[in-house]
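One structure is given here, and the rest of the page talks about it.
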Ligand SMILES: N[C@@H](CCC(=O)N[C@@H](CS)C(=O)NCC(=O)O)C(=O)O
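In the numbering used here, the protein residues as written are 430 to 583.
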């Protein structure tokens, strides 16, 4: 009788199940299309997100909760061994090679080159200024731990 009661309680109470089952999230990308891995408070991911939206690219977004440490699960590390967002995975998209891309600046330029147009200036000086700021961003954020405590206030 006690077992039956426990069984009913277990099957009817998703909150209890959730707190007992530690099943890690499966981060495998979709078989066809563009999968974008992001965390909503990540500035790097937001840059990619903006360029995807601006160019009207169809994609499936998968949130990786950095505050819960989901970037350190083996399923995620198989995509990016550095354990960071953003990641863009392209699979079976016409006229685009399959690829797994990380590093926001590189992804932004890829999206622009492959699916968009108009964000990269044709004027060589303006184009260099664009790269200058991209380099500045990378240099100034290098080797600095992600300020998740600051992100929490965004
Ligand atoms: N240079 C990389 C930086 C990526 C990066 O640091 N991402 C942060 C979020 S903004 C992250 O995923 N941090 C998770 C961690 O360090 O555990 C880029 O521009 O994409």
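Ideal placement from N, C-alpha and C gives every residue a C-beta, glycine not left out.
Beta strand (DSSP E) runs contained entirely in the stretch 473–531, provided each spans 3 or more residues: 489–492, 516–520 and 528–531
Using DSSP's beta-bridge definition, name the partner residues of residue 464. In the chain shown, residue 464 corresponds to position 35, counting from 1. DSSP lists 489 and 518 as partners of residue 464.
Among 461, 473 and 496, the one whose alpha carbon lies nearest that of residue 566: Taking the chain shown and counting its residues from 1, one reaches residue 566 at position 137. Ranking 461, 473 and 496 by Cα distance to residue 566 puts 473 first.
Note down, in chain order, each residue of its chain lying with its Cβ closer than 7 Å to the Cβ of residue 522, except the 5 sequence neighbours on either side. Mapped onto the chain shown, residue 522 falls at position 93. 462 and 463.
In chain order, what residues of the same chain have a beta carbon less than 7 Å from the beta carbon of residue 506, not counting five sequence neighbours either side? Mapped onto the chain shown, residue 506 falls at position 77. Hits under 7 Å: 512.
Within 10 angstroms of its Cβ, does residue 560 collect 16 or more other Cβ (buried), or is it exposed? Position 131 of the chain shown, counted from the first residue, corresponds to residue 560. Result: exposed.
Cα-Cα separation, residue 423 to residue 509: Outside the displayed span of the chain (430 to 583) sits residue 423, for which this structure offers no information.
Would you say residue 512 touches ligand 1, meaning its beta carbon is less than 7 Å from a heavy atom? By 1-based counting over the chain shown, the position of residue 512 is 83. Correct: residue 512 has its Cβ closer than 7 Å to ligand 1.
Residue 472: beta carbon under 7 Å from a heavy atom of ligand 1? Here residue 472 is taken as the residue at index 43 of the chain shown, counted from 1. Flag set: Cβ of residue 472 near ligand 1.
Cβ-heavy atom distance between residue 456 and ligand 1 below 7 Å? As a position in the chain shown, residue 456 is number 27, starting the count at 1. For ligand 1, not one heavy atom lies less than 7 Å from the Cβ of residue 456.
Taking the continuous alpha helix (DSSP H) assigned at residue 567, which residues delimit it? Here residue 567 refers to the residue found at position 138 of the chain shown. Its alpha helix (DSSP H) spans residues 553–570.
Have a look at residue 542 and residue 568 and give me their C-alpha separation to the nearest angstrom. Here residue 542 refers to the residue found at position 113 when the chain shown is read from its first residue. Here residue 568 refers to the residue found at position 139 when the chain shown is read from its first residue. The straight-line gap from Cα to Cα measures roughly 23 Å.
Own chain residues within Cβ distance below 6 Å of residue 578, not counting five before or after: Here residue 578 corresponds to residue number 149 of the chain shown, with the count starting at 1. With a pLDDT of only 46 at residue 578, under the threshold of 50, the placement of this residue in the model should not be trusted, and no figure is reported.
Have a look at residue 486 and residue 465 and give me their C-alpha separation to the nearest angstrom. Within the chain shown, residue 486 is the residue found at index 57, counting from 1. Within the chain shown, residue 465 is the residue found at index 36, counting from 1. Answer to the nearest angstrom: the Cα atoms are 11 Å apart.
Might you give, ordered along the chain, the residues of its own chain that have their beta carbon closer than 6 Å to the beta carbon of residue 545, omitting 5 neighbours on each side? Mapped onto the chain shown, residue 545 falls at position 116. Hits under 6 Å: 484.
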